[in-house]
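Report on one structure; see the data block that follows.
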Amino acid sequence: MSVDELTAISRFYGADRDYVVAGGGNTSFKDGDVLYIKGSGASLAEVENASFVRMDRRALAAIWEKTYRADPDEREGAVLADMMAARKRGEEHKRPSVETLLHDLLPFAFVVHTHPALVNGLTCSQNGEAAAGSLFGDDAVWIPSINPGYILSLAVKRALEECRTRKAVIFLQNHGVFVGADSPEGIKERYRFIMEKIGSQIKRQPDLSALPGESGAGFGESEKAAAVFAELAGGSPVSFLRNREIAALTRSRDAFSPVSSAFTPDHIVYAGSDPLFVELPESEIPGVSFAGVLERAWKEHVNRTGRAPRIAAVRGMGVFGIAPSDKAVKTALELFIDAVKVAVYAESFGGPLFMSRDKIDFINNWEVERYRSQVAGTGPSKTDQSGKEGASYEGLRIRK
Ligand SMILES: [Zn+2]
Numbered sequence: 520m521s522v523d524e525l526t527a528i529s530r531f532y533g534a535d536r537d538y539v540v541a542g543g544g545n546t547s548f549k550d551g552d553v554l555y556i557k558g559s560g561a562s563l564a565e566v567e568n569a570s571f572v573r574m575d576r577r578a579l580a581a582i583w584e585k586t587y588r589a590d591p592d593e594r595e596g597a598v599l600a601d602m603m604a605a606r607k608r609g610e611e612h613k614r615p616s617v618e619t620l621l622h623d624l625l626p627f628a629f630v631v632h633t634h635p636a637l638v639n640g641l642t643c644s645q646n647g648e649a650a651a652g653s654l655f656g657d658d659a660v661w662i663p664s665i666n667p668g669y670i671l672s673l674a675v676k677r678a679l680e681e682c683r684t685r686k687a688v689i690f691l692q693n694h695g696v697f698v699g700a701d702s703p704e705g706i707k708e709r710y711r712f713i714m715e716k717i718g719s720q721i722k723r724q725p726d727l728s729a730l731p732g733e734s735g736a737g738f739g740e741s742e743k744a745a746a747v748f749a750e751l752a753g754g755s756p757v758s759f760l761r762n763r764e765i766a767a768l769t770r771s772r773d774a775f776s777p778v779s780s781a782f783t784p785d786h787i788v789y790a791g792s793d794p795l796f797v798e799l800p801e802s803e804i805p806g807v808s809f810a811g812v813l814e815r816a817w818k819e820h821v822n823r824t825g826r827a828p829r830i831a832a833v834r835g836m837g838v839f840g841i842a843p844s845d846k847a848v849k850t851a852l853e854l855f856i857d858a859v860k861v862a863v864y865a866e867s868f869g870g871p872l873f874m875s876r877d878k879i880d881f882i883n884n885w886e887v888e889r890y891r892s893q894v895a896g897t898g899p900s901k902t903d904q905s906g907k908e909g910a911s912y913e914g915l916r917i918r919k
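Letter by letter, the sequence shown follows residues 520 to 919 in this note's numbering.
Below you can see the structure in the form of structure tokens.
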């Protein structure tokens, strides 16, 4: 019965854009010694009972008794091997989420982990920790930004051990929230409480409405720019996006700064860690074409970051999503809009706070490793069940 409930609550949150963008997040259910955890690659909105991996909780607990090497590569590799070995018989073809240990630590039957923009307005803000403390007091635990994997789970384990009462809400800085309860109704109640509490503090809502009188006619420049970006990206699909909030952000490089880097790992994975911002000259420069300005900015960006941008903003114009497939373009723009919301919500908590450069690099390197493993045929398939270009970083082979 309860795996049915797990599937139902997973779909409930998976289908709600206020909670889940691009299939991210994961859920679990504990039944005695068995943990049912969402397999990596399955989108929350579309999970079925069979999407969950059955794990032996005693084997997971035994991981905490072991001593692992200090070297991050060796340590994470060994932990992952132990986690794979903790799958119940018959589950060997499934990949549990990298956040499995975290789910197992929470002493509640149900755990629903999501990355809502509203919550991340808090977790990705300058005053997030203080605000979480004053809003939720002893009801929640705050975990500072930590690379995913064993050390994050260890930090949560220690934080929970320090508490005298059991904690049902864990805020992860620059990441999202874990919510536990012994029933699906309890999960919903806690999430409602969290969203209402944080929502009550929001002073300004993102304005994603269309600008009046813009039907695309008169915006021929954006089509020209899209064609240039498509060519620079080797024929990739490109899509243009503009609304009131984006118009304000693309007014100048300064105005763009609240969304100029990455808030969470999902933003990096789907929209890239470094959006390109192109300054168009105020007036035409003799001998330099519009395409030439875009091309120079693009090449400078690729040289500096080592990657082609997935998001390119052009001053006074709007934002372009550029990725290898239409689906990936759509996801990149969805994650960019999510970042816009996070940035606006964070205004109410002292302003936005990006991930630190070393933590951004960690996720980027993780992605590189995933790509290599795909090429070598050892990793998850390039397109996961939800059809996204590249599954979540969760469940990947870990490299420093
Ligand atoms: Zn997560």
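Backbone N, C-alpha and C fix where the C-beta goes; we use that ideal spot for every residue, glycine too.
As the structure is a prediction and not an experimental result, all values here were calculated from the model.
Residue i: first and last residue of the uninterrupted beta strand (DSSP E) it sits in
i	result
residue 716	Careful: residue 716 lies outside any beta strand (DSSP E), inside the alpha helix (DSSP H) at 703 to 718.
residue 726	From DSSP, residue 726 is part of no beta strand (DSSP E); its letter is neither H nor E.
residue 638	Residue 638 -> not in any beta strand (DSSP E); alpha helix (DSSP H) instead, spanning 636 to 642.
residue 550	545 to 550
residue 632	629 to 633
residue 700	695 to 700
residue 688	688 to 691
residue 557	553 to 557
residue 837	837 to 841
Span separating the alpha-carbon of residue i from that of residue j
i	j	result
residue 659	residue 793	32 Å
residue 827	residue 797	14 Å
residue 884	residue 540	23 Å
residue 897	residue 781	Since pLDDT at residue 897 reaches only 45, below the 50 mark, its modelled position is unreliable, and the value read off the structure follows with that caveat. About 28 Å.
residue 716	residue 648	15 Å
residue 822	residue 746	21 Å
residue 817	residue 532	38 Å
residue 766	residue 688	36 Å
residue 594	residue 864	37 Å
residue 547	residue 750	44 Å
residue 919	residue 881	Confidence is the limiting factor: at residue 919 the pLDDT is only 34, short of 50, which leaves the residue's position unreliable, though a coordinate-based value still follows. Near 6 Å, if we compare the C-alpha coordinates of residue 881 and residue 919.
residue 785	residue 854	8 Å
residue 702	residue 525	9 Å
residue 723	residue 646	16 Å
residue 768	residue 529	34 Å
residue 737	residue 570	Any answer about residue 737 is weak, because its pLDDT of 41 lies below 50 and its placement is not dependable; what the coordinates show is given next. Using only the alpha carbons, I get a separation of about 48 Å.
residue 718	residue 726	16 Å
Beta-carbon proximity list for residue i, same chain, < 6 Å, skipping 5 on both sides
i	result
residue 692	642, 663, 664
residue 848	756, 758, 840, 842
residue 632	544, 545, 697
residue 600	none
Spatial neighbours of residue i in its chain, beta-carbon cut-off 7 Å, leaving aside the 5 residues before and after
i	result
residue 625	697, 699
residue 771	834
residue 728	762, 763
residue 481	Here the chain has residues from 520 to 919 only, and residue 481 is not among them.
Boundaries (first-last residue) of the alpha helix (DSSP H) holding residue i
i	result
residue 583	Counting along the chain, residue 583 falls outside any alpha helix (DSSP H), and DSSP gives it neither H nor E.
residue 603	591 to 604
residue 811	809 to 824
residue 575	First-last for residue 575: 571 to 575, but that is the beta strand (DSSP E), not the alpha helix (DSSP H).
Classification of residue i by the beta-carbon crowding that lies within 10 angstroms, buried from 16 upward
i	result
residue 481	The first residue shown for the chain is 520 and the last is 919, placing residue 481 beyond what the model contains.
residue 684	exposed
residue 677	exposed
residue 545	buried
residue 735	Caution applies to residue 735, whose pLDDT of 47 falls short of 50 and renders its modelled position unreliable; the model cannot decide the point.
residue 639	buried
residue 830	buried
residue 856	buried
residue 583	exposed
residue 850	buried
Cβ-based neighbour list, residue i, same chain, cut-off 8 Å, excluding 5 preceding and 5 following
i	result
residue 537	635, 636, 637, 714
Quick check: the region 576 to 586 against the region 603 to 623, are at least 3 beta-carbon pairs closer than 8 Å? The answer is yes - the region 576 to 586 touches the region 603 to 623, with three or more Cβ pairs under 8 Å.
Touching by the beta-carbon criterion (3+ pairs, under 8 Å), the region 547 to 558 and the region 617 to 624: yes
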